[in-house]
Structure formats: structure tokens, C-alpha cells
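Asker:
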Amino acid sequence: MKIGISCHHTYGGSGAVATELGKALATRGHTIHFFSQAAPFRLGRFSKNIFFHEVEAMNYPLFDSPYYSLALASKIAEVAYYEKLDVVHAHYAIPHAISALLARQMLEEKCPDSSCFRIATTLHGTDITIVGADSSMRDAVRLAINKSDGVTAVSKYLKEETERMFAPRVPIEVIPNFVDTSIFRRLPGREHLELLGIGDGSVVIHISNFRP
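If you read the sequence shown in the working numbering, its first letter stands for residue 145, the second for the next number, and so on.
1. Helix or strand or just coil, what does DSSP make of residue 191?
2. Are there three or more Cβ pairs, one per stretch, closer than 8 Å when the segment 150-158 is compared with the segment 171-185?
3. Could you please give the first and the last residue of the uninterrupted beta strand (DSSP E) stretch that includes residue 267?
4. Along the alpha helix (DSSP H) that carries residue 221, what are the first and last residues, could you check?
5. DSSP state of residue 158, grouped into three classes?
6. When you compare each of 203, 238, 300, 242 to residue 315 by their alpha carbons, which one comes out closest?
7. So what's residue 374 in DSSP terms, helix, strand or just coil?
8. Report the option in 190, 247, 192, 230 whose CA atom is closest to the CA atom of residue 213.
9. In the DSSP assignment, find the unbroken alpha helix (DSSP H) run with residue 243 in it and report its ends.
10. Mind checking residue 289: buried by the 16 CB within 10 Å criterion, or exposed?
11. Output yes or no for whether 7 Å exceeds the beta carbon distance between residue 146 and residue 227.
12. If you count every other CB in all the chains shown that lies within 10 Å of the CB of residue 171, and 16 or more means buried, which is it?
13. According to DSSP, simplified to helix, strand and coil, what is residue 87?
14. In terms of alpha-carbon separation, which member of 276, 174, 157 lies closest to residue 311?
15. With residue 317 as the anchor, note down where its beta strand (DSSP E) starts and where it stops.
16. Rounded to a whole number of angstroms, what is the C-alpha to C-alpha distance between residue 238 and residue 267?
17. Mind checking which residues open and close the beta strand (DSSP E) that includes residue 175?
18. Under the rule that 16 or more other beta-carbon atoms within 10 Å means buried, what is residue 164, buried or exposed?
19. Candidates 160, 343, 173: which alpha carbon is nearest residue 184's?
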């Protein structure tokens, strides 16, 4: 498949998961196109079937700030048309899912509905609990969710909050964030603990934040 992934490039859970997911899909033979303001921090080394498309928002004195959402939509539409993307996976409802939706609308005259890309949206947390809770963004978040072809949330709590706040018409599947256990694994022996001055003590490593 030809898959587009729209995500934040900065340090954070959503960008890390989006990038690692894309890399894992690439190792399975899929072609991956990343969309962001800069290369995602976890993208790493070159891969022959991974492509990065930088989104440059126009600076114009009339605008208070660069219109990144519109620039992202235009870039997704351009790449989706020429590369024949099958799916665009948006990590965060705002701006990524709404930009993907706008990109698909841009292509309606160029391709029949059956050949336009599908939209999968992953809700990560603050796009619902903070951005989505703001009255200025609530309807946009609701539209992004309801117009997606598939929606996932990273926790049961987030799914329930989304259903409570937006009463979406589409089902939401819970898929927790993940780590690569071939990299993050328990090491044999205790020499590394001694180097850290821990000795016979126990170590708890906390990744991300605790959620039900």
C-alpha cells in the first residue's frame, strides 16, 4: 500500500508512535510518505521506501500566523494525487485530520470517490481534552472524527472522553501506544545496574504517562 502519515515532528508521544509505525510498515514493504513541518525526530536513517514531504506555511502580513493547516492540506493533496496514496493516517484531529479531509475534498474533481484516499485518524489526548474542549475548535474536531474512515484512540479513557464530548457517529477502536520490544528489553545480568550505582535495588522505568 501507499500510505501517508501526518504527524508532529517535535519530541512527543504522538510523533514517536507515528514515525515508528511508519518505519515498521515500511519494513513490511509498504511505501510511506511523512508530512510535517520538519523531519520527525524519530525518523532516523534513510530507507528506500520512506519519503518525507516538508510542509512550508506561507508568511503573509495579512495573516496573524502562518496557515499551516491549509499548507498541509495542499501538500497532502499534491502527493496523494501524484503518488496515488491509498490511506492518509492523521495523528491528532487538529490540524492533521481536518487537513487530510480538506485535501480529499480538493481531489474530488480529479478522482472518483472510489479512488480517493481513505483517512485514518488516531486521537492522542490533548487534541480531545484540551484543543477539542475549546469552543472555537469543537465543531472542527467533531467533523474530523465523523468524516474519518477509521478512528483509533490510545487509551480506553480517551475513547470514553471522546464519546462523551462529541457523541461521534463512527466507532472508535482502542489501540494503545507501543514500544519495539526488540530494542527496549530487559538485559541479562546486573552489571549495568552496578554501573549506575543501583546494586541490588530494583528499577522501575516509566514511559509516557499512566492511563487506564
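Ideal Cβ positions, reconstructed from N, Cα and C, are used throughout, including at glycine. Just so you know, these numbers come straight off a predicted model, no measurement behind them.
Answerer: Judging by the given coordinates:
1. As a first step, residue 191 must be located in the sequence shown, where it is residue number 47. Here residue 191 sits in coil by DSSP.
2. yes
3. Counting from one through the sequence shown, the residue named residue 267 turns up at place 123. Per DSSP, residue 267 is one residue of the beta strand (DSSP E) stretching across 262-267.
4. Mapped onto the sequence shown, residue 221 falls at position 77. Segment 212-227, the alpha helix (DSSP H) holding residue 221.
5. One-based indexing of the sequence shown puts residue 158 at position 14. Helix at residue 158.
6. As a working mapping, residue 315 is identified with position 171 in the sequence shown. Of 203, 238, 300, 242, the residue nearest in Cα terms is 300.
7. With the chain represented from 145 up to 356, any question about residue 374 goes unanswered, as that position is not in the structure.
8. Locating residue 213 in the sequence shown gives position 69, counting from the first residue. Checked all of 190, 247, 192, 230; the closest Cα to residue 213 is 247.
9. The residue you call residue 243 lines up with position 99 of the sequence shown. Per DSSP, residue 243 belongs to the alpha helix (DSSP H) from 242-250.
10. If you number the sequence shown from 1, residue 289 lands on position 145. So residue 289 ends up on the buried side.
11. The residue you call residue 146 lines up with position 2 of the sequence shown. The residue you call residue 227 lines up with position 83 of the sequence shown. It is a contact, given that the beta carbons lie within the stated cut-off.
12. The residue given as residue 171 occupies position 27 in the sequence shown. Counting Cβ neighbours within 10 Å, residue 171 comes out exposed, since fewer than 16 surround it.
13. It is not possible to answer for residue 87, since the shown part of the chain is limited to 145 through 356.
14. Walking along the sequence shown from the start, residue 311 turns up at place 167. Considering only alpha carbons, the answer is 276.
15. By one-based count along the sequence shown, residue 317 stands at place 173. 316-318 is the extent of the beta strand (DSSP E) around residue 317.
16. One-based indexing of the sequence shown puts residue 238 at position 94. One-based indexing of the sequence shown puts residue 267 at position 123. Their backbone Cα atoms lie some 10 Å apart in a straight line.
17. Here residue 175 corresponds to residue number 31 of the sequence shown, with the count starting at 1. First-last of the beta strand (DSSP E) with residue 175: 175-180.
18. Taking the sequence shown and counting its residues from 1, the one referred to as residue 164 is at position 20. So residue 164 ends up on the buried side.
19. The count along the sequence shown starts at 1 and reaches residue 184 at position 40. Ranking the options by Cα distance to residue 184, first place goes to 160.
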